[in-house]
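Have a look at the structure below, then the notes.
Residue numbers (the working numbering), protein chains in the order written: chain A, 1 to 206; chain B, 1001 to 1206.
Written out as structure tokens, the structure reads:
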């Protein structure tokens, strides 16, 4: 990766975006948050980002517009901001193949399960309904299938006998906040080598 | 569960069978290993069980015999031995629907992945090829689908950058040996309540 400019895509609170920004502010993560883009003007994360002085943009869907057309507008905003890495952070739209190609190998997503278990929406609920004892979260490179690309980092979270969707989701989210910035750092430091569907972490070349 | 007699089905080394027997010998697990059954006369675990004084039996497949016919012979051996709980331990045959019904809710299996990820054969290899960072093992009640029934216990194992199938399998196996007896104890103590596809662990009623 040449530079260390992040573009973060959100649709809601943007808590993972804020956790990434905290990591930057605390100097755990050497990067710059160049822009936060939401597909919803009402996303609470937008105001929170703006309050921290992060540039923000809204790219709302337009009636009759295709996925690729929407993605192209988002891509233009990201390139205008000079981003090096795209971080999906609770972005509730599927990004299309042309977007994936445009930012090939430079899009990360965080998902609240140990993929390949429980891809898609409501992963925490699905895990509870399946009755697993261990779930967790995954940061992966985005490819053309949903919640599917090479895995950068995962962290396991135990499911308690008394867990409901809310308690489990909140414990996983806490873990996400500590996982995403580590994965971003690995990618920015050029330590993630994709080989087929696997992402290998290579040692630091000090 | 009325009694505490285990019937263990193996096809190979039977290391999980031996670990269960260790737990009984150490009084971690209050149970009796009533019989070890192998579908292969050459399974090394048979001699190891016999050397410990555990009754053993061989039920080999016969040409032209259906799965149900084979399972019925195994079931007869298990019932003859008065078993209360069937533990599959590296048993390389799929047990059929009539066997599952015969021992309804009284068959456990251990599988070297965090189900529902990587069911079936070579789960450790599949996990490595998928590039997961976390895998593990699962003890579950057996239903009519392979590696599918209600999960009793799971344990997570981290995948290292240098892991190969052998090193990963061996680390998972070590974890299996510490997981299976705990799950057996929960079932024998009547602490596992199946609700739909979930197995709930209920507190001890001292």
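All residues carry an ideal CB built from backbone N, CA and C; glycine is no exception.
Bridge-paired residues (DSSP) for residue i
{"i": "residue 1154 of chain B", "result": "B:1138"}
{"i": "residue 1192 of chain B", "result": "B:1201"}
{"i": "residue 8 of chain A", "result": "A:36, A:87"}
Start-to-end residues for the alpha helix (DSSP H) that takes in residue i
{"i": "residue 1111 of chain B", "result": "Segment 1107 to 1111 is the beta strand (DSSP E) holding residue 1111 of chain B; no alpha helix (DSSP H) there."}
{"i": "residue 127 of chain A", "result": "123 to 130"}
Neighbour list for residue i in chain A, Cβ cutoff strictly below 9 Å
{"i": "residue 1111 of chain B", "result": "Ordered by position in chain A, no residue passes the 9 Å Cβ test against residue 1111 of chain B, which lies about 13 Å from the chain."}
Under 7 Å by beta carbon: chain B residues contacting residue i
{"i": "residue 116 of chain A", "result": "1117, 1130"}
{"i": "residue 199 of chain A", "result": "1131"}
Under 8 Å by beta carbon: chain B residues contacting residue i
{"i": "residue 151 of chain A", "result": "1130, 1131, 1132, 1133"}
{"i": "residue 136 of chain A", "result": "1134, 1156"}
Amino acids of chain B, ordered along the chain, whose beta-carbon sits closer than 9 Å to that of residue i
{"i": "residue 161 of chain A", "result": "1200, 1201, 1202, 1203"}
Distance cut-off 7 Å: residue i Cβ against heavy atoms of the ligand ATP
{"i": "residue 130 of chain A", "result": "Ligands displayed in this structure: none; no statement on the ligand ATP is therefore possible."}
_To test your reading of the DSSP string, which unbroken beta strand (DSSP E) runs of 3 or more residues are found completely within the region 11 to 96 of chain A?_
Taking 3 residues as the minimum length, the beta strand (DSSP E) runs contained wholly in the region 11 to 96 of chain A are 32 to 38, 56 to 58, 85 to 88, in order along the chain.
*Are the region 27 to 41 of chain A and the region 77 to 88 of chain A touching by the rule of at least three beta carbon pairs closer than 8 Å?*
Contact between the region 27 to 41 of chain A and the region 77 to 88 of chain A is present, because at least three Cβ pairs lie under 8 Å.
*So, do the region 1187 to 1201 of chain B and the region 1138 to 1158 of chain B have three or more beta carbon pairs nearer to each other than 8 Å?*
Contact check between the region 1187 to 1201 of chain B and the region 1138 to 1158 of chain B: three or more CB pairs, one atom from each, fall below 8 Å, which counts as touching.
*Assess, as a yes-or-no matter, whether the region 1001 to 1021 of chain B is touched by the region 176 to 189 of chain A under the definition of 3 or more beta carbon pairs within less than 8 Å.*
The region 176 to 189 of chain A is not in contact with the region 1001 to 1021 of chain B.
*How about the region 109 to 123 of chain A and the region 1167 to 1178 of chain B: do they share at least three Cβ pairs that are nearer than 8 Å?*
Judged by Cβ distances under 8 Å, the region 109 to 123 of chain A makes no contact with the region 1167 to 1178 of chain B, as fewer than three pairs qualify.
*Are the region 56 to 71 of chain A and the region 93 to 105 of chain A touching, with three or more C-beta to C-beta distances below 8 Å?*
Counting C-beta pairs with one atom in each stretch, the region 56 to 71 of chain A and the region 93 to 105 of chain A have three or more that are closer than 8 Å, which means they touch.
*In chain order, each alpha helix (DSSP H) run of at least 4 residues that lies wholly inside the region 158 to 191 of chain A*: Listed in chain order, the complete alpha helix (DSSP H) runs (minimum 4 residues) inside the region 158 to 191 of chain A are 165 to 188.
_With three or more beta-carbon pairs closer than 8 Å as the criterion, would you say the region 115 to 128 of chain A touches the region 140 to 150 of chain A?_
At 8 Å Cβ cutoff, the stretches touch.
*Decide if the region 41 to 55 of chain A is in contact with the region 124 to 132 of chain A; the criterion is three or more beta carbon pairs, one per stretch, under 8 Å apart.*
With a cut-off of 8 Å, the region 124 to 132 of chain A and the region 41 to 55 of chain A do not count as touching, because too few Cβ pairs lie within range.
*Just checking, does the region 1134 to 1141 of chain B make contact with the region 1155 to 1168 of chain B on the three C-beta pairs under 8 Å criterion?*
Judged by pairs of C-beta atoms under 8 Å, the region 1134 to 1141 of chain B touches the region 1155 to 1168 of chain B, as three or more such pairs exist.
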